[in-house]
Each structure stands twice: as structure tokens, then as C-alpha cells.
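Student: Numbering follows the working numbering, with no gaps: position 327 of the sequence shown is 329.
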Amino acid sequence: MIKTSPALPHSAHSDYTVRAVGPTKTLKPKRKVGKRPNAEQRLLSDTCRRSNSRWLELKVQDMRILQVPAFSKLPWLVHGFSTKPGGVSNQNVEKVLNLGFTEWDTRENVLENRRHFQSAIGASDLKLISLKQIHSDVIHLFDAAPAEPCQGDASATNRPGFLLAVQTADCVPLLLVDPKKRAVAAVHAGWRGTLQRIVVKAIGKMQMQFKTRPAGLLAAIGPAIGGCCYEVGTEVATQFQSQFAAAPDWFDEFRTGDEPNPIQWLNMMPPGHQPPPQNVLLDLRKANRAQLVEAGVRIPNIFVSDLCTACRRDLLFSYRKEGVLSGRLMSVIGVR
Ligand SMILES: [Zn+2]
3 MIKTSPALPH SAHSDYTVRA VGPTKTLKPK RKVGKRPNAE QRLLSDTCRR
53 SNSRWLELKV QDMRILQVPA FSKLPWLVHG FSTKPGGVSN QNVEKVLNLG
103 FTEWDTRENV LENRRHFQSA IGASDLKLIS LKQIHSDVIH LFDAAPAEPC
153 QGDASATNRP GFLLAVQTAD CVPLLLVDPK KRAVAAVHAG WRGTLQRIVV
203 KAIGKMQMQF KTRPAGLLAA IGPAIGGCCY EVGTEVATQF QSQFAAAPDW
253 FDEFRTGDEP NPIQWLNMMP PGHQPPPQNV LLDLRKANRA QLVEAGVRIP
303 NIFVSDLCTA CRRDLLFSYR KEGVLSGRLM SVIGVR
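1. To which residues of the same chain is N115 closer than 7 Å at the C-beta, ignoring the five residues directly before and after it?
2. When you compare the segment 169-189 with the segment 113-130, are there three or more beta-carbon pairs, one atom per stretch, that lie closer than 8 Å?
3. Within its chain, find whatever has a CB closer than 6 Å to the CB of T159; leave out the 5 residues flanking it on each side and keep chain order.
4. Between the C-alpha atoms of W106 and N94, what's the straight-line distance to the nearest angstrom?
5. What span of residues does the alpha helix (DSSP H) with Q69 cover, start to end?
6. Suppose contacts are defined by Cβ-Cβ distances below 8 Å. Is T170 in contact with S333 by that definition?
7. Nearer than 7 Å: is that true of the beta carbon of P228 relative to any heavy atom of ligand 1?
8. By a C-beta neighbour count over all protein chains shown, 10 Å radius and 16 as the cutoff for buried, is S157 buried or exposed?
9. If we count the other Cβ atoms within 10 Å of its Cβ and call it buried at 16 or more, is A247 buried or exposed?
10. Measuring alpha carbon to alpha carbon, tell me which of A147, S307, I141 and G163 ends up nearest Q153.
11. Do the segment 296-314 and the segment 54-74 make contact, defined as three or more Cβ pairs closer than 8 Å?
12. Going by the C-beta, is A312 closer than 7 Å to any heavy atom of ligand 1?
13. For D316, name the three-state secondary structure that DSSP assigns.
14. Which same chain residues end up closer than 7 Å to Q63 when comparing Cβ atoms and leaving out the 5 residues on each side of it in sequence?
In C-alpha cells form, the structure reads like this:
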């Protein structure tokens, strides 16, 4: 059964049409999940069948919040991945849902956006716990809300009443839930965090702390910069290859289209061969998905959004594309 949020007003946008939210996707028919009469939820297109990721869109006022059906089925769980539309912040001529404190936005706007976002997912009564993110592998376990945001890039709890949050604008947000132990985690993984296996370590913490079994975990990988757009230097690829046997699967040569990439530049090349490219493309979601599998999470329990923050600036924030004027997305999870 899906818990119906009392905070959700009837949508005033019954004529709202779902646009394709992915580079080359086709829409699937609208499907209602459970009974949530107060919220308009529609299927987001997604062709990532291998990852079993059929995402839902919760539309409240002008906000569009992404959710995973397998998570929504748990009545004691709240979660959501924010997007850009809606909110009270002014970015250029748009009203946007900026959920992070940035130079260009006011503190009041961000706090109001956070209230709207929490209300939309029915989590107004939960205490929001965000982090001072530092691209580390530091994971916090919360039994109580801290007075000040802690430095770190992941958090976990099995206590009701908290809404764990990570903020992103290109980096990968991951939400984990252990349905048996009723424990949750939120993880922020940029390339540095991915290189440090932050999601694997977060699962390790859950195993130690909550007796979580990875095979029972559900994991969602939210919108992030895609392998289509995330250009990094070859030195990043070299570092990944030194850590992960599967690393060549996560990189592509810069703008080589659909050609399969042998990643020649990662191998020893005799002198006189073509020089390596300056930059390569990294698929951070693929890397984190592989780490989840390696940690013991079952493939049908992994839900991967196919939305690229850099391709979909109409819907998402991208630091790579917008720089210091970028807003912040927020991914949240909590136990009621
Ligand atoms: Zn892209």
C-alpha cells in the first residue's frame, strides 16, 4: 500500500502532458501505482530495462519530483529526487527549485524551496539532514540530528523522523533502502567519491550497523551527468583503471559516437602509435551501478535514471553547463 500524503494538493494540471525525459526515449502508457488519489504520478520514459528502472514523476504545483515505484510501495519510507521546475528561486527568467545554498540565491528562497519539496513528498514533519559535501568517502550514521551540517558525502540511519539528503548538480545521487531492517542511506558520488567506492563503503556501514544484507537492498541512482557529456582528463581514467578491473567499460573516447572503444590509451602502446586523446567520457552511473552489483545488490533491485543533467537543462541543474549560476538538486530518503 502506498501512503497517501496529506500534504499533496490536487493537481491543477490535469492537462499536463509528460514529455520524454531522456535523450532518445519513447513514452510508455500512463500507469497508476497503488492508490494515491491526491498526487499525479506518471511514468517517466526509461529504456534502461536492464536496470529495471521505471521511474515515476510526482507533480505537485509546478514541481516535478522523481520517484522509484519499488521505494514508493513501502509505506514507512519517504523519498524523492528533485528536479529544476517549480520553486521560488529566480534563475535567469525562470522560477526554479534550487535546494542548495549558492552565491546567486538567497537563503530564504532555498529554505522555502526545501519546505515545498518536503511537503510535496509528504515529509514536512521529518527533520532534513543535509551534509557539507567534500567529495570524500566519509559516511555519517545519524541517531540524532546534528546542530550543524557534518562534513561528508553519505549518511545512513534506521531512526524514524529524519530525511537524509544529498545535493548534486552533475554528480551521482544514490538512495539505498533496506526494507527488512528499515534502514536508509543517501550517497553523493562524484568521480572522486566513485573512485573511493563511497557507495560500497556505505553498504558496508549498513551491514555493520543495521545487519543489512546487500542482497535485500534496494538502490536508486538518480539523475546525473551522463556518459554522453561527462568529459574528464585521461589521468582520471588512469586512476580508475588502477582501482577497477571493469573501468574500461565506464569510459568512452571523447566524441567517438557509437564506435566501440577499445580504450587503447589505457594500454601500453609501442612508440609511434596514435597519441592518446586528451579527454575521455566517464559514465559515473555505470561505475556506481557496477559497484552496487559488486557489493552484492541484486540487479533487479537497482533502479537507474537515464536523465543526463547536462543534456536536460530544462529539467535539471548542471554545474558543468551552468557553472556558479547552477542550482542544486536534492535527493532525500527517510523512515517515518
Ligand atoms: Zn548528456
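Glycine residues also receive a C-beta, built at the ideal position from the N, C-alpha and C atoms.
Tutor: Looking at the atomic coordinates:
1. G89, V90, S91, L99, N100 and L101
2. At 8 Å Cβ cutoff, the stretches do not touch.
3. F144
4. Their Cα atoms are separated by approximately 11 Å.
5. Q69: not part of any alpha helix (DSSP H); member of the beta strand (DSSP E) spanning M65 to Q69, first to last residue.
6. The Cβ atoms of T170 and S333 sit closer than 8 Å to each other.
7. Looking at the sequence itself, residue 228 is Gly, so the reference to Pro does not match. Within the cutoff, so yes.
8. buried
9. exposed
10. I141
11. yes
12. yes
13. coil
14. G88
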